[in-house]
Every structure is written in C-alpha cells, then in structure tokens.
Amino acid sequence: MNAVDNAPSVAEAAPSTTTAVGGAVRPTSAEGDAVSTTSAVGTTSAVGGAAAAARHHVGRRLPEGFSVPTGRGILTLRPVRVDDDLGLVHDWMNRPHVARFWRQDWPADRLRGYLTDLLAGPVSRPMLGLVAGVPVSYWEIYRAVAEPVGAAYPAEPTDLGVHVLIGEPALTGRGLGRTLLGAVRDGLFGTDPECARVVAEPDVRNAASVRAFLRAGFAHRGEIELPDKTAALLVAERPAELRTAGADRTSYDGMAGADREGSAA
Numbered sequence: 001m002n003a004v005d006n007a008p009s010v011a012e013a014a015p016s017t018t019t020a021v022g023g024a025v026r027p028t029s030a031e032g033d034a035v036s037t038t039s040a041v042g043t044t045s046a047v048g049g050a051a052a053a054a055r056h057h058v059g060r061r062l063p064e065g066f067s068v069p070t071g072r073g074i075l076t077l078r079p080v081r082v083d084d085d086l087g088l089v090h091d092w093m094n095r096p097h098v099a100r101f102w103r104q105d106w107p108a109d110r111l112r113g114y115l116t117d118l119l120a121g122p123v124s125r126p127m128l129g130l131v132a133g134v135p136v137s138y139w140e141i142y143r144a145v146a147e148p149v150g151a152a153y154p155a156e157p158t159d160l161g162v163h164v165l166i167g168e169p170a171l172t173g174r175g176l177g178r179t180l181l182g183a184v185r186d187g188l189f190g191t192d193p194e195c196a197r198v199v200a201e202p203d204v205r206n207a208a209s210v211r212a213f214l215r216a217g218f219a220h221r222g223e224i225e226l227p228d229k230t231a232a233l234l235v236a237e238r239p240a241e242l243r244t245a246g247a248d249r250t251s252y253d254g255m256a257g258a259d260r261e262g263s264a265a
C-alpha cells in the first residue's frame, strides 16, 4: 500500500476485543481513502438521512480490537494509546509516502488532539496494527453513515469503513497491505455480527492502494467525489455463510488475506 487513505474522522472507545483461537476470531476482554456521486452501488443525496442514521447509531459501539491469524503472523488491531503511540504515528504520518495521501503531517501536539478527539467520539476509532507483536500499520475504523462517504452510496447504519496506512516504506509493495486488508475485513465481520458491509474510499490516484483492496476481495463500485478527493468506492460484502441471524462472532474463521489503502500493496 502507499500512503493509504486520507480522511480524518471521529471515534469512540469501548471494552471488547477478540483474539484468534485455533484460526478463529474469538472475543476476549480488551486491554490490550468521495461528495456527489453515482456508483454501481447506488446514489444518494440524503446527507440528512445519513446524519439521522448516524445519530440513531451513536450509542452503538465500534469494534474495540481483535486478533486474527495471517500467513505473516498474528495480526492484532488495538486502539491507539495516545501517550505510548503518538511518537510512532507522528513519524509515520510525516513519511512522504504517507503524507502525500493522508495530508496529516502535522505537529505532534495537533496530532495528539486529533487522536484524543477520535477516541472520545462515537464515529471513528484510531487503531494500531501489529503483526507478530511488531507495529506496522495505523487504521481508522469508522461508521460509514457518519462520514462523507455515507452520502455517496446507500449506506446502512451498520456499515463499517476503513482507512489504513503502512508506515515503513520498506514494508510496502510486498503484498503486506493485501494481507492486512483481508484480515481486518474478516476481523470486522467476525467481531460485529450486524456488519453486512465493509467499505473503503482510497484516492483514485493511489493506484497501489486500490489494487491492494481489489486483491483483498473488495469490489470496485465506481468513483465518488468527496470533499478532499476523488475516491474509488470499494466494498466487501459479508460472506453468505455469515448472513444468518446468528452469525456467531466466537466461531468465525477468517477468509483470505487483503490489503488496504495507503502505504503498502
């Protein structure tokens, strides 16, 4: 992936994570890249409707974290700990391959405030992605109806979106992004039984990111105009075998690996 996806959001935090047990995603206690548009998914100008849906869903917790096995080791996604992780995230945001698309190469104090606000809000959760215990990626998991992308397609209140970056240039262009994207998609479906769709909206100029998402199993549903970019609308639907009312988060086996927008492909 190249600098992944650039879209400031707003987040919430709550205690519920999952961990991989025998290849399955299992819950445990937690500590632990679109504005008016038409696409194959559909069109909507109902910004107000999206906002209402977001308000209706404001009390609903975002996934707090999970661990899933990949061919490169266990991927763990956990909320950013601002005091511990600020230096690393700040360094990554200031890498040229990230800053080009994220455009958040800010002073550390401004980034601290941004992360703190996300963690305190109900819309987007900033997360750190570790592979075999080593931090390699930064993520934002967000409620799509509450973001601009939610007015660009018929978003459901339960749709989740992802922004991602891989911080180290040496880790990009090696298929890691695809692997991480697939794992996170699967982890989101596994930890949130009501989530029927995971979406992404990388900048169309970020060809490596778009390619990574497609290789990870996301479908290209058209281009959309967002306030800060022309984006590719990429969608992963919940697998048919998980569409039953009781899709059990405790026995969900991850699907194939994937890649996300940003700094790795």
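Quick note on numbering: full-length UniProt numbering labels position 171 of the sequence shown as 171, and the sequence is numbered without any gaps. Where is the CB? At the ideal position from N, CA and C, for every residue including glycine. All of these numbers come straight from a predicted model, not from anything done at the bench.
Inset, instruction - Evaluate the contact criterion for the segment 94-112 versus the segment 149-162: three or more CB pairs, one atom per stretch, below 8 angstroms. - result: Contact between the segment 94-112 and the segment 149-162 is absent, because fewer than three Cβ pairs lie under 8 angstroms.
Inset, instruction - Specify whether the segment 71-79 and the segment 124-133 touch according to this definition: at least 3 beta carbon pairs, one from each stretch, less than 8 angstroms apart. - result: Touching, yes, given that three or more Cβ pairs across the two stretches are closer than 8 angstroms.
Inset, instruction - Could you tell me whether the segment 140-155 touches the segment 119-126, using the rule of 3 or more Cβ pairs below 8 angstroms? - result: The segment 140-155, when compared against the segment 119-126, does touch it at the 8 angstroms Cβ threshold.
Legend entry - Secondary structure of A196, DSSP reduced to three states: The residue you call residue 196 lines up with position 196 of the sequence shown. Note: A196 maps to coil in three-state DSSP.
Legend entry - 7 angstroms Cβ shell around L88 - same chain, five flanking residues per side excluded: The residue given as residue 88 occupies position 88 in the sequence shown. The residues are P135.
Inset, instruction - On the DSSP bridge assignment, give the partners of residue 276 in chain order. - result: Missing from the structure shown is residue 276; the chain here goes from 1 to 265 and no further.
Legend entry - Rounded C-alpha distance that separates P169 from H90: Within the sequence shown, numbered from 1, the residue matching residue 169 stands at position 169. Within the sequence shown, numbered from 1, the residue matching residue 90 stands at position 90. Each residue's alpha carbon lies about 15 angstroms from the other.
Inset, instruction - Measure the C-alpha to C-alpha separation of W102 and P227 and round it to an integer number of angstroms. - result: On the sequence shown, residue 102 is found 102 positions in, with the first residue counted as 1. On the sequence shown, residue 227 is found 227 positions in, with the first residue counted as 1. Answer to the nearest angstrom: the Cα atoms are 13 angstroms apart.
Inset, instruction - Could you say which of R110, G113, G187, H220 lies nearest to V235 if we only look at CA atoms? - result: Translated into positions along the sequence shown, residue 235 becomes position 235. Ranking R110, G113, G187, H220 by Cα distance to V235 puts H220 first.
Legend entry - Classification of E64 by the beta-carbon crowding that lies within 10 angstroms, buried from 16 upward: As a position in the sequence shown, residue 64 is number 64, starting the count at 1. Looking at its Cβ environment, which holds 16 or more other Cβ atoms inside 10 Å, E64 is buried.
Inset, instruction - Look at the Cβ atom of V68, then the Cβ atom of A183, and state whether they are nearer than 7 angstroms. - result: Your numbering for residue 68 matches position 68 in the sequence shown. Your numbering for residue 183 matches position 183 in the sequence shown. Yes. Within cutoff.
Legend entry - Nearest-angstrom Cα separation, counted from A240 out to P193: Here residue 193 corresponds to residue number 193 of the sequence shown, with the count starting at 1. Here residue 240 corresponds to residue number 240 of the sequence shown, with the count starting at 1. Between P193 and A240, the C-alpha separation is close to 13 angstroms.
Legend entry - Whole-angstrom distance between R178 and V204, CA atom to CA atom: The residue given as residue 204 occupies position 204 in the sequence shown. The residue given as residue 178 occupies position 178 in the sequence shown. Taking the straight line from one Cα to the other gives about 17 angstroms.
Inset, instruction - With DSSP collapsed to three states, give me the class of S16. - result: Sequence index remark: in the sequence shown, residue 16 carries index 16 (1-based). Here S16 scores only 37 on pLDDT, less than 50, and its place in the model should not be relied on; the value that follows carries that caveat. In this structure, S16 counts as coil in the three-state DSSP scheme.
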